[in-house]
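These notes are about the structure you will find just below.
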Amino acid sequence: MKLKRLGINTYREAVIYMHENCHVCRSEGFDAQARIEVTLGKKSIIATLNTINTDLLGENEAGLSNYAWSLLGAEVGDTITLSHPKPLTSLSYIHAKIYGHTLDALQLDEIITDVVAGRLSDIQISAFLSASAGDRFTLSEIRNLTASMINAGQKLHWDKELVVDKHCVGGLPGNRTSLIIVPIIAAYGLTIPKTSSRAITSPAGSADTMEVFAPVNLDLKKMRHVVEQENGCIVWGGAVDLSPADDILIRVELAIDLDGEAQLVSSILSKKIAAGSNHILIDIPIGPTAKVRSQNMAAVLKRYLEKTGEELGVSVSVVFTDGSQPVGRGIGPALEARDVMSVLRGAPDAPQNLRERALDLAGK
């Protein structure tokens, strides 16, 4: 099949588009949602089929999502070869987890490798996430999952003995303490390479609010330059290749509205450790509408986070904060940015709850 550029963004999902009457679909029995191995030169990926019944594609043409296009290094007019994929060993490990078996480090490595390579579909990834939730992962599995996610991407190293970071578990609107803590810590002389998320469980993420002030889609080279110049940064984690499996798993988690303990712990720590941090403060707001709603659940996460950090050679400290009320006066990136700026300027009318939370966490 000849490749045609369609320019469809599926984020990190490999998708192939073909006409439903093309000769390959007819001869191989490929229907929509079939998994197809796509080969271009020496590179191969497994992509999910979407079929088209208009003249957008000819019967001898195929399109790829932007993600699949970049994985293959494709050019317009390239010829690809299509075939049925071989059975994935990682899928058998996911089935084992569904039936309650414990996975070892090599098995989790295989799963995460296939997640990053695009060989597992969103449906297969959601099965893995579901089987991992509900306290069905042991501490050793959480440690091995975190290590696998760290090793699946690039890692930053800083010529500093002490590299610090802070993360909030989330779910509390207006809680933009990171944008106050990072400049305080950087001004104090410590190194804080902060990667932040966009909105997940509240109307804005730290990256969304930071983007009101400055670009956050920095690559690793630009991120390193900013940190070396200013001691710290606030960048969107999805723009850097640190724990790339995490970005894929989060996208699927959002679709199925599930955030299991094992994935939460490995998500937080893999990003921080890959960014080169060795002392990490985790803020867990507890409240009736926050992500963590009980002291018992917070205690479980605290144990998992601190123990996993210890086994991976980093210091992790967890603090519990009040998650019963929104923080600040505004909700949404622009209004939260206004609150942050008023605190940083020392304005007399700055929201005191945001100021006090940020100072308390910066001190810790």
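End of the sequence shown sits at 522 in the numbering used here; the numbers just go up one at a time, nothing left out.
Even glycine gets a Cβ: it sits at the ideal position worked out from N, Cα and C.
None of these values were measured; they are calculated from a predicted model.
What is the DSSP secondary structure of L246, reduced to helix, strand or coil? coil
Alpha helix (DSSP H) runs wholly inside the stretch 290-349, at least 4 long, in chain order: 297-309, 336-346
Throw me the rounded Cβ distance for the L215 and Y175 pair, which I believe falls under 8 Å. 6 Å
I believe I438 touches D323 by the beta-carbon criterion, under 8 Å. Please report the beta-carbon distance rounded to the nearest angstrom. 5 Å
Euclidean distance between Cα positions of L422 and C391: 23 Å
My guess is that N302 and A263 are in contact by the Cβ rule of under 8 Å, so how many angstroms apart are they, rounded? 4 Å
For the pair the stretch 442-458 and the stretch 470-482, tell me if three or more CB-CB distances fall below 8 Å. yes
If you count every other CB in all the chains shown that lies within 10 Å of the CB of I408, and 16 or more means buried, which is it? buried
Which same chain residues, not among the five before or five after D377, have their C-beta less than 7 Å away from its C-beta? A397, V398
Could you check whether E217 and K162 sit closer than 8 Å to each other, using their CB atoms as the reference points? no
Should V485 and L512 be called a contact, given that it needs their Cβ atoms to be closer than 8 Å? yes
Per DSSP, N208 forms a beta bridge with which residues? Y175
Which of the three DSSP states is assigned to C391 in this structure? strand
Proximity winner among I358, E319, G221, relative to I414 (alpha-carbon distances): I358
Looking at S248 and L278, is the spacing between their C-beta atoms short of 8 Å? yes
Determine the extent of the alpha helix (DSSP H) in which E411 is found, giving its start and end residues. 402-414
At the level of alpha carbons, what is the spacing between R515 and I350? 18 Å
Can you round the beta-carbon distance between G395 and T353 to whole angstroms, since I take them to be within the 8 Å contact cut? 4 Å
Three-way DSSP call (helix, strand, coil) for L519 in this model: helix
In terms of residue numbering, what span does the alpha helix (DSSP H) encompassing L240 cover? Unbroken run through L240 is the beta strand (DSSP E), 239-241; no alpha helix (DSSP H).
Beta-carbon spacing of N389, G434 below 8 Å: no
Select from I166, S475, V477, S500 the residue whose C-alpha is nearest the C-alpha of R487. S500
Classification of Q282 by the beta-carbon crowding that lies within 10 angstroms, buried from 16 upward: buried
By Cβ distance below 7 Å, which residues in the same chain neighbour Y169 in space, the five residues on each side in sequence not counted? Y225, R409
Here's the rule I'm using: 16 or more other beta-carbon atoms within 10 Å means buried, otherwise exposed. How should L320 be labelled? exposed
Cutting at 6 Å between CB atoms, please list the residues of its own chain near A508, excluding the five before and the five after it. S500, V501
Determine the direct distance from the alpha carbon of V384 to that of A211, and round the result to whole angstroms. Looking at the sequence shown, residue 211 is not Ala but Asn. Cα-Cα distance, rounded: 49 Å.
L240 and M159 - do their beta-carbons sit closer together than 8 Å? yes
Secondary structure of G221, DSSP reduced to three states: strand
With DSSP collapsed to three states, give me the class of D272. helix
When the distance is taken between beta carbons, is L164 closer than 8 Å to F188? no
L198 and I238 closer than 8 Å at C-beta: yes
Own chain residues within Cβ distance below 8 Å of N179, not counting five before or after: N211, E217
Do A192 and the ligand SAH come close, with the Cβ less than 7 Å from some heavy atom? Absence of the ligand SAH from the depicted structure is noted, as is the absence of any ligand whatsoever, leaving it without description.
Three-state class that DSSP yields for T353 in the structure shown: strand
Could you spell out where the alpha helix (DSSP H) holding K460 opens and where it closes? 453-469
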